[in-house]
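Data first, discussion second: the structure below is written as C-alpha cells.
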Amino acid sequence: MKQEAGASPPFVAIDDPADPRVEPFLNVRDRDLVGRQGLFMAEGEVVLRHLIGSPRCSPVAFLVAAPRAPRFAEMIAGVAPGAPVYVAEPAVMDAIVGFHIHRGLLGLGRLPAASADEVLEGLGPQATVVAVHGVGNHDNMGGIFRNAAAFGADAVVLDAGCCDPLYRKALRVSVGAALVTPFARLRPSEDLVDRLAGAGFEVVSLSPSGRETLADFRPAARTAVLFGAEGPGLPADLLSRTRSVRIPMAAGFDSLNVATTSGVVLHHIAARRA
Numbered sequence: 212m213k214q215e216a217g218a219s220p221p222f223v224a225i226d227d228p229a230d231p232r233v234e235p236f237l238n239v240r241d242r243d244l245v246g247r248q249g250l251f252m253a254e255g256e257v258v259l260r261h262l263i264g265s266p267r268c269s270p271v272a273f274l275v276a277a278p279r280a281p282r283f284a285e286m287i288a289g290v291a292p293g294a295p296v297y298v299a300e301p302a303v304m305d306a307i308v309g310f311h312i313h314r315g316l317l318g319l320g321r322l323p324a325a326s327a328d329e330v331l332e333g334l335g336p337q338a339t340v341v342a343v344h345g346v347g348n349h350d351n352m353g354g355i356f357r358n359a360a361a362f363g364a365d366a367v368v369l370d371a372g373c374c375d376p377l378y379r380k381a382l383r384v385s386v387g388a389a390l391v392t393p394f395a396r397l398r399p400s401e402d403l404v405d406r407l408a409g410a411g412f413e414v415v416s417l418s419p420s421g422r423e424t425l426a427d428f429r430p431a432a433r434t435a436v437l438f439g440a441e442g443p444g445l446p447a448d449l450l451s452r453t454r455s456v457r458i459p460m461a462a463g464f465d466s467l468n469v470a471t472t473s474g475v476v477l478h479h480i481a482a483r484r485a
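Below you can see the structure in the form of C-alpha cells.
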C-alpha cells in the first residue's frame with residue numbers, strides 16, 4: 212500500500228482511476244441518481260467536518276485532491292477519521308468522479324435511518340419540529356435543513372413523498388445540517404399531521420390562505436411547523452386539520468420560496484421562544 216509522501220498513516224496515494232479501492236467514488240453523478248444503498252456522498256470542507264465530527268455519522272472512506280491533503284490533515288488533527296483517506300492528483304480525482312471536482316474533498320458516509328418514534332420521543336416538553344410535505348426539490352430541501360439547524364429546530368420529519376436530504380446536492384446546500392439535525396421519514400401509510408399531533412405537537416401549517424398572520428402567531432410549547440412544496444402547496448385536507456398561518460406580502464405576491472419561508476418562520480419561533 213503506497214503512502215502519500217509526508218502524510219500521516221491514514222493517507223493512501225491513488226494514481227490509477229481504476230484502482231478498486233476507490234470504486235465507491237466512481238461516476239459520482241450517476242450514483243446520485245440511482246442511490247448508494249444506505250450510504251451518502253459528502254462534498255466540501257464544511258460538510259466533511261460534520262461527517263467527521265457528528266456522532267450520528269460513520270465515515271466509510273475519503274477521497275482528497277493532493278493539493279487539499281494538508282488542509283484535510285488539519286481537519287482531522289486529533290480526530291481518528293475511522294476510515295481510509297485516499298489522495299489523488301486533481302486529474303486522477305476528476306477521472307474517478309467523472310467531472311471536475313473543484314472542492315477537492317469527498318467523503319462517503321453512513322447515517323442509520325431513524326424512525327419517527329426514535330426522533331420524536333427523545334424531545335423535551337418544549338420543542339420545535341420542522342415538518343415537510345411533498346418537497347422534491349433538493350435545493351429547497353437543503354435550504355430547509357440549513358434553516359432548521361440555524362434557528363435551533365429540534366428535529367425534521369418528512370413525509371414519504373419528500374426527496375432525500377442526504378442526496379449530495381441537498382447535503383451541500385444544507386452545509387451538512389442533515390448530518391447533525393435529527394430527522395425521520397414517515398412510511399407511505401403514515402399521516403404527517405396525525406403522527407405529529409399524536410406525539411403531542413400542535414401542528415401549524417404555512418399557507419397564503421392562513422387564518423392568522425405570522426406576526427400574531429405564538430408557538431405552543433411543542434410546535435410542529437408544516438411546509439409544503441412550491442406550486443401545489445399543502446393539500447386542503449392537511450390545512451383543514453392544522454392551525455394555518457400566513458405571511459402578509461405586497462400586492463401581486465402571495466408566497467415565498469419554501470426554503471425562504473422556513474427561514475422566516477423559524478426565526479419568528481426562535482425569537483418568541485427567547
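Per the working numbering, residue 212 is the first one in the sequence shown, and the count goes up by one each step. Just so you know, even glycine gets a beta-carbon here, dropped at the ideal spot from N, CA and C. None of the values given here were measured: they were computed from a predicted structure.
Assuming arginine 379 and glutamate 254 make a contact with CB atoms under 8 Å, what is their CB distance in whole Å?
6 Å
Going by the CB atoms, is the gap between leucine 417 and valine 182 shorter than 8 Å?
With the chain running from 212 to 485 in the structure shown, residue 182 is simply not present.
Can you find the residues in the same chain that come closer than 7 Å, C-beta to C-beta, to arginine 483, ignoring five residues on each side of it along the sequence?
Arg429 and Pro430
Can you tell me where the alpha helix (DSSP H) holding threonine 471 begins and where it ends?
469-484
Look up glutamate 423 in the DSSP assignment and give the residues it is bridged to.
Val456
Should the segment 363-370 be called in touch with the segment 399-419, which here means at least 3 C-beta pairs below 8 Å?
yes
Hey, how far is the Cα of threonine 472 from the Cα of phenylalanine 273?
35 Å
Which of helix, strand or coil DSSP assigns to alanine 253
strand
Helix, strand or coil: how does DSSP classify glutamate 300 here?
coil
Which of helix, strand or coil does DSSP assign to phenylalanine 362?
coil
Beta carbon of methionine 304 nearer than 8 Å to that of glycine 315:
yes
Could you tell me the alpha carbon to alpha carbon distance between alanine 216 and proline 393, rounded to whole angstroms?
With a pLDDT of only 40 at alanine 216, under 50, the local geometry of the prediction cannot be trusted, and the value read off the model is given with reservation. Cα to Cα, alanine 216 sits roughly 39 Å from proline 393.
With a threshold of 8 Å, are at least 3 pairs of Cβ atoms found where one atom belongs to the segment 332-349 and the other to the segment 438-447?
yes
Close beta carbons around methionine 252, own chain, < 7 Å, minus the five adjacent residues each side:
Val239, Leu317, Leu319 and Arg379
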